[in-house]
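Residue numbers (this note's numbering): 255 to 456. A virtual CB, placed ideally from N, CA and C, is assigned to each residue, including glycine.
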Amino acid sequence: MTRDAITVRPILEGHGCVIDGFLDRDACAAWVARAEALGFDEAPISTAEGEVRVEGVRNNDRAMVDDPGAAEALWGRLEPMLPRALRAIPMGGRWWRAAGLNERLRFYRYRPGQRFRWHADGAFHRNAEERSFFTVMIYLSAVARGGETRFHGGASVRPEPGRALLFWHPLTHEGAAVEAGRKDVLRTDLLFRAAEPLRPAT
Numbered sequence: 255m256t257r258d259a260i261t262v263r264p265i266l267e268g269h270g271c272v273i274d275g276f277l278d279r280d281a282c283a284a285w286v287a288r289a290e291a292l293g294f295d296e297a298p299i300s301t302a303e304g305e306v307r308v309e310g311v312r313n314n315d316r317a318m319v320d321d322p323g324a325a326e327a328l329w330g331r332l333e334p335m336l337p338r339a340l341r342a343i344p345m346g347g348r349w350w351r352a353a354g355l356n357e358r359l360r361f362y363r364y365r366p367g368q369r370f371r372w373h374a375d376g377a378f379h380r381n382a383e384e385r386s387f388f389t390v391m392i393y394l395s396a397v398a399r400g401g402e403t404r405f406h407g408g409a410s411v412r413p414e415p416g417r418a419l420l421f422w423h424p425l426t427h428e429g430a431a432v433e434a435g436r437k438d439v440l441r442t443d444l445l446f447r448a449a450e451p452l453r454p455a456t
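Shown next, in the form of structure tokens:
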């Protein structure tokens, strides 16, 4: 097993973080193999009319699986690394506290020329008491050239095996075109549960 050093650094003015060494390379290879076994389809985008394929916006491939056990295991690894700023969110008159990961795991595959143009991610709402606020992306492979995740304002995150990227859903970003090599990503969401009311200012 190849174990990389773990480092956590905030980005996007506290609205996200990068965790290097979140997964080791053996785990990354196992996830890539699982995605291949599931089989990939053309990745759609979400619209008011439902999911549609728009190659001018997004032309990568996607596989999906609902796996609560795997989501729980990933959360068990992520939770102790989570920065304080991402653990509790004040919203709608109460606190929301980080509670787990969405069990719907999405695998993205990008080959040369494939990209996902500028967009913002939607939130997952399980019910009135549980929803997501942050995207979780785990890069599973090294990319020879291209494939960065870019944000307005100049922030850019390069794919590296085992690197995790977390960011606030509404932040506009793009998956830059892969120029050489292949980019593999495991995507899920950081879930929060409603907690105590916010205390009024005194």
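Taking residue i as the reference, which of the options has the closest Cα?
{"i": "residue 265", "options": "421, 336 and 396", "result": "421"}
{"i": "residue 391", "options": "401, 443 and 449", "result": "443"}
{"i": "residue 354", "options": "447, 259, 360 and 452", "result": "447"}
{"i": "residue 379", "options": "364, 439, 356 and 360", "result": "356"}
{"i": "residue 418", "options": "394, 410, 425 and 430", "result": "394"}
{"i": "residue 317", "options": "326, 295 and 396", "result": "295"}
{"i": "residue 268", "options": "313, 361 and 336", "result": "336"}
{"i": "residue 311", "options": "437, 424, 369 and 445", "result": "369"}
{"i": "residue 319", "options": "288, 347 and 297", "result": "288"}
{"i": "residue 381", "options": "362, 322, 324 and 445", "result": "445"}
{"i": "residue 338", "options": "259, 438 and 263", "result": "263"}
{"i": "residue 423", "options": "377, 405, 274 and 340", "result": "377"}
{"i": "residue 322", "options": "334, 359, 333 and 347", "result": "359"}
{"i": "residue 399", "options": "435, 346 and 374", "result": "435"}
{"i": "residue 284", "options": "413, 452, 388 and 324", "result": "324"}
{"i": "residue 343", "options": "330, 365, 384 and 367", "result": "384"}
{"i": "residue 439", "options": "297, 452 and 333", "result": "297"}
{"i": "residue 352", "options": "291, 412 and 389", "result": "389"}
Give the secondary structure of residue i by DSSP, where H, G and I count as helix, E and B as strand, and everything else as coil.
{"i": "residue 376", "result": "coil"}
{"i": "residue 270", "result": "strand"}
{"i": "residue 297", "result": "coil"}
{"i": "residue 264", "result": "strand"}
Any chance the CB of residue i is under 6 Å from a heavy atom of the ligand MG?
{"i": "residue 270", "result": "As presented, the structure is devoid of all ligands, the ligand MG included, so that no description of it is given."}
Which two residues bound the contiguous alpha helix (DSSP H) that contains residue i?
{"i": "residue 289", "result": "279-292"}
Along the chain, where does the beta strand (DSSP E) containing residue i start, and where does it finish?
{"i": "residue 260", "result": "That residue, residue 260, is in no beta strand (DSSP E); it is neither H nor E in DSSP."}
{"i": "residue 453", "result": "It is not in any beta strand (DSSP E) - residue 453 carries neither H nor E in the DSSP assignment."}
{"i": "residue 316", "result": "315-320"}
With 16 other CB atoms within 10 Å as the buried threshold, where does residue i fall?
{"i": "residue 293", "result": "exposed"}
{"i": "residue 372", "result": "exposed"}
{"i": "residue 261", "result": "exposed"}
{"i": "residue 450", "result": "exposed"}
{"i": "residue 314", "result": "buried"}
{"i": "residue 415", "result": "buried"}
{"i": "residue 427", "result": "buried"}
{"i": "residue 504", "result": "Since the first residue shown for the chain is 255 and the last is 456, residue 504 is missing from the structure and cannot be characterised."}
{"i": "residue 433", "result": "exposed"}
{"i": "residue 280", "result": "exposed"}
{"i": "residue 333", "result": "exposed"}
{"i": "residue 402", "result": "buried"}
Give, in chain order, every unbroken run of the beta strand (DSSP E) that is at least 3 residues long and sits entirely within the stretch 327-370.
342-345, 348-355 and 358-364
Which full runs of the beta strand (DSSP E) of 3+ residues lie inside the stretch 366-447, going along the chain?
370-373, 379-381, 384-393, 397-400, 403-405, 418-422, 427-429 and 432-435
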